[in-house]
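Engineer: Structure provided below as structure tokens; questions to follow.
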Amino acid sequence: MMEYKGYKAQIDFDNDAGVFVGEVINTHDGISFSGRSVDELRESFRRAVDDYLDLSCDMGGEGEQPYSGRLAIRINPILHRAIADCAAREGKSLSAWIAECLGRAAGVTKVKAG
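Quick look at the structure:
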């Protein structure tokens, strides 16, 4: 995973094209980039984020701020205990268990853990 100005990118390798491809994962706006080497990929990522922010300013707005990946919630203590027990039975941390459940509910199952 790469990070720049708070934006995080997930990287894959396109074997057919022989290039690394990346996508910013903590924003709704589609920001993608590619590169043939790690240095080229890193520069492409930075340029994509900077261009996105510049374009947003040119259009009179601000780019969507990236999601941090942190979520604070308040729940009933009985529910807290119940989900902690479920996580323990599956040998997972509470955060990992909750993230997995939320991912299934949202239909997002292929994103790597942040």
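Be aware that the sequence shown starts at 175, since it is given in the numbering used here, and climbs by one per residue. We treat Cβ as the ideally placed atom computed from N, Cα and C, and that holds for glycine.
(1) Mapping DSSP to helix, strand and coil, what is residue 265?
(2) Please confirm whether residue 207 and residue 191 have their CB atoms less than 7 Å apart.
(3) Looking at the structure shown, is residue 277 part of a helix, part of a strand, or coil, going by DSSP?
(4) Are residue 201 and residue 240 closer than 7 Å when you measure CB to CB?
(5) What is the DSSP secondary structure of residue 192, reduced to helix, strand or coil?
Structural biologist: Judging by the given coordinates:
(1) Coil, per DSSP.
(2) no
(3) helix
(4) yes
(5) coil
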